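Residue numbers (this note's numbering): 3 to 516. Before any comments, here is the structure.
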Ligand SMILES: *[C@@H]1O[C@H](CO)[C@@H](O)[C@H](O)[C@H]1NC(C)=O
Ligand SMILES: *[C@@H]1O[C@H](CO)[C@@H](O)[C@H](O)[C@H]1NC(C)=O
Ligand SMILES: *[C@@H]1O[C@H](CO)[C@@H](O)[C@H](O)[C@H]1NC(C)=O
Ligand SMILES: *[C@@H]1O[C@H](CO)[C@@H](O)[C@H](O)[C@H]1NC(C)=O
Ligand SMILES: *[C@@H]1O[C@H](CO)[C@@H](O)[C@H](O)[C@H]1NC(C)=O
């Protein structure tokens, strides 16, 4: 799970369910095959005292209550034609267990690469596998591929060798995704590689790169929550030509740059992949935001403030993405059509504008961004953090929000709070208030629309674009382009709502360990 940080504040809660699926079909010249995907945002029934160990029977009683909800949703998804259904991270047992208090919830999950096992039809093969059996039967009964996240256990040999990585209590405990085929066969098991302050679970001794094949859409890769920010396993999967990722998550929202739907879409667009993202729904934990994203469409849900705290099933037909090596190619050009936005003759040459001198530093998600204000109705600004520079050409349409403050920020460095990862970020944000120090703070509404071209020269090709409009509405960027020289351009116009954040989020995976 990501970001259960005590100092983090809330907000975020507006909703939309937005779909561009019909636009999908013209994009590829070849005949397009498609499939129906479903994700379920789950409002889970929690164990109110996760630190108190429970017997297996009591743990199962709790698990079965969440499984009952999964059962209903699997039937609904199946009725709507879903061929694959994804449930969120921690959706069965919940959070905040200790290594020992989670014991009653753990099941030994055999490795599907070593043996074939259908828990529904061969329940007697292993004891204490009630959860696996029930999930397997759910997949089988509803004739769909089913992905769930659960607490897994694996005994390991206690060696006298002090370098042995087996934990001292003789077992691994893993945050585990399991996948069942439509006849109930256990086809994949993935152990989360980047636990997020999860006392109950170990990091696997080696990163696991796990994929599974389906008859309707070919290959899918598995990642879990915080994994999405890291090279292992996410980029390694993409480099192996996996173009469809499954993403169970328990992600705490964090504007202005890492709100769930915003970053989910950014990964899909930046990596040119399909992402099936299922989040937990919890108001107190600030978790909502799930979706089915392709490079051409987004079907998503983000609960609104005041909405009843309930689950949400999303179902969408999406195209199969071919494993065509697009990701491995050094340089990519955009699939989006070029827009008419170019109000100045020299607009493609924003970098010729000298860096603004009236910059200020303000903290955005604990990182010291260098900002410059947008002072005019239209114009160009340029802001640098060291040698990393971001350029913006903009035209602003105030529409009653004329006193809203906007700033362009640049940050190149290592984020170190609640996880360590190196980034280069260009972000155009609506400041939360009228003080400079409010630039980079969380705000979820805006009235000012903007036509803009945002660009930066990045030291990586792993750059993820997003355009987030007022009240948690995603905009499909008009144009996104990565040049061979690291230059990345995000162009957008004709917004449907006020601009909250436009962002190019670059991940410098190669600098993470420096
Ligand atoms: C887990 O712990 C955190 C802080 O320690 C707390 O904010 C949160 O509400 C807890 N969640 C649950 C489900 O107990
Ligand atoms: C399951 O448990 C029963 C009762 O403890 C035992 O007799 C049986 O051998 C176990 N089966 C397996 C496969 O471990
Ligand atoms: C994205 O993938 C499609 C094929 O699925 C390919 O035609 C297109 O060129 C790729 N776009 C980019 C920007 O790599
Ligand atoms: C934006 O809207 C204007 C006016 O409705 C239209 O002429 C223009 O083509 C639109 N641009 C894009 C890129 O959709
Ligand atoms: C970016 O700005 C921060 C804050 O002003 C500064 O500490 C940091 O050194 C700058 N980064 C680079 C790469 O110059």
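Ideal Cβ placement from N, Cα and C applies to all residues, glycine included. All values reported here derive from a predicted model rather than from experimental measurement.
* On a CA-only basis, which of 393, 203, 209 is nearest residue 457? Give me that one, please. => If we check each option's Cα against that of residue 457, 393 comes out closest.
* Does at least one heavy atom of ligand 2 sit under 7 Å from the Cβ of residue 107? -> It does not: the Cβ of residue 107 is nowhere closer than 7 Å to a heavy atom of ligand 2.
* State yes or no: is the C-beta of residue 362 nearer than 7 Å to some heavy atom of ligand 5? => Answer for residue 362: no, Cβ out of range of ligand 5.
* Asked: Going by beta carbon distance, what residues of the same chain come within less than 7 Å of residue 159, once the five residues before and after it are set aside?
  -> Excluding sequence neighbours, residue 159 sits near 168.
* **heavy atom of ligand 2 below 7 Å from residue 120 C-beta** => No, the Cβ of residue 120 stays beyond 7 Å of every heavy atom of ligand 2.
* **For residue 140, the first and last residue of its enclosing alpha helix (DSSP H)** => Note, residue 140: alpha helix (DSSP H), 132-144.
* Asked: Is residue 129 near residue 58, with beta carbons less than 8 Å apart?
  -> No. Outside cutoff.
* Secondary structure of residue 263, DSSP reduced to three states -> DSSP places residue 263 in helix when its eight states are reduced to three.
* Relative to ligand 3, is the shortest distance from any of its heavy atoms to the C-beta of residue 324 smaller than 7 Å? -> Flag set: Cβ of residue 324 near ligand 3.
* Asked: Does ligand 5 have a heavy atom nearer than 7 Å to the CB of residue 373?
  -> For ligand 5, no non-hydrogen atom lies closer than 7 Å to the CB of residue 373.
* Asked: Ends of the beta strand (DSSP E) at residue 453?
  -> Element bounds for residue 453: 451-459.
* Taking the C-alpha atoms as reference points, what is the distance between residue 350 and residue 449? -> Any reading at residue 350 must be qualified, since the residue scores a pLDDT of 45, below 50, and its modelled position is unreliable; the value itself is stated next. When rounded, the distance between both Cα atoms is 27 Å.
* Asked: Which partner residues does residue 505 have in the DSSP bridge list?
  -> Its beta-bridge partners are 429, 468.
* **Bridge-paired residues (DSSP) for residue 488** => Answer is none; residue 488 lacks a bridge partner.
* Asked: Among the residues of its own chain, which have a CB less than 7 Å from the CB of residue 263, if the five just before and after it don't count?
  -> Contacts found: 291, 293, 302, 304, 474, 476.
* **Inter-residue spacing [alpha-carbon to alpha-carbon] between residue 513 and residue 56** => Rounded to the nearest whole angstrom, the C-alpha separation of residue 513 and residue 56 is 43 Å.
* **Other residues of its chain near residue 223: CB distance less than 6 Å, five sequence neighbours each side excluded** => 213, 239, 244, 247.
* CA nearest to the CA of residue 493, picked from 220, 429, 461 -> The shortest C-alpha to C-alpha distance from residue 493 to any of 220, 429, 461 is the one to 429.
* Skipping 5 residues on each side, what residues in its chain have a beta carbon closer than 7 Å to that of residue 438? -> Closer than 7 Å at Cβ, skipping near neighbours: 362, 364.
* **Helix, strand or coil at residue 416 according to DSSP, with G and I counted as helix** => Strand.
* residue 198 beta carbon near ligand 2 (any heavy atom closer than 7 Å) -> For ligand 2, not one heavy atom lies less than 7 Å from the Cβ of residue 198.
* **Through-space distance from residue 62 to residue 425, alpha-carbon basis** => Approximately 42 Å, taken between the alpha carbons.
* To do: Would you mind stating whether residue 191 and residue 113 have Cβ atoms separated by less than 8 Å?
  => Yes, the Cβ-Cβ distance between residue 191 and residue 113 is below 8 Å.
* Neighbourhood of residue 85 by C-beta distance below 6 Å, restricted to the same chain and skipping five residues each side -> Answer for residue 85: 37, 38, 146, 218, listed in chain order.
* Asked: Of the residues 45, 381, 134, which one's Cα is nearest the Cα of residue 119?
  -> Nearest of 45, 381, 134 to residue 119, Cα basis: 134.
* Got a sec: does ligand 3 put a non-hydrogen atom nearer than 7 Å to the Cβ of residue 464? -> When distances are taken from the beta-carbon of residue 464 to the heavy atoms of ligand 3, even the shortest one reaches 7 Å or more.
* Distance between residue 289 and residue 453 (C-alpha atoms, nearest Å) -> Straight across, the Cα-Cα distance linking residue 453 with residue 289 is about 31 Å.
* Alpha-carbon to alpha-carbon, residue 127 and residue 272 -> Cα-Cα distance, rounded: 44 Å.
* Asked: So, using beta-carbon positions, are residue 46 and residue 96 closer together than 8 Å?
  -> Yes; because the gap between Cβ atoms is below 8 Å, this pair is in contact.
* Beta-carbon proximity of residue 140 to residue 202, cut-off 8 Å -> No; because the gap between Cβ atoms is not below 8 Å, this pair is not in contact.
* Through-space distance from residue 401 to residue 53, alpha-carbon basis -> Between the alpha carbons of residue 53 and residue 401 lies a gap of roughly 52 Å.
* So is the beta-carbon of residue 467 under 7 Å away from any non-hydrogen atom of ligand 3? -> Remark: the shortest separation between the CB of residue 467 and any heavy atom of ligand 3 does not fall under 7 Å.
* At what residues does the alpha helix (DSSP H) containing residue 241 begin and finish? -> 238-241 is the extent of the alpha helix (DSSP H) around residue 241.
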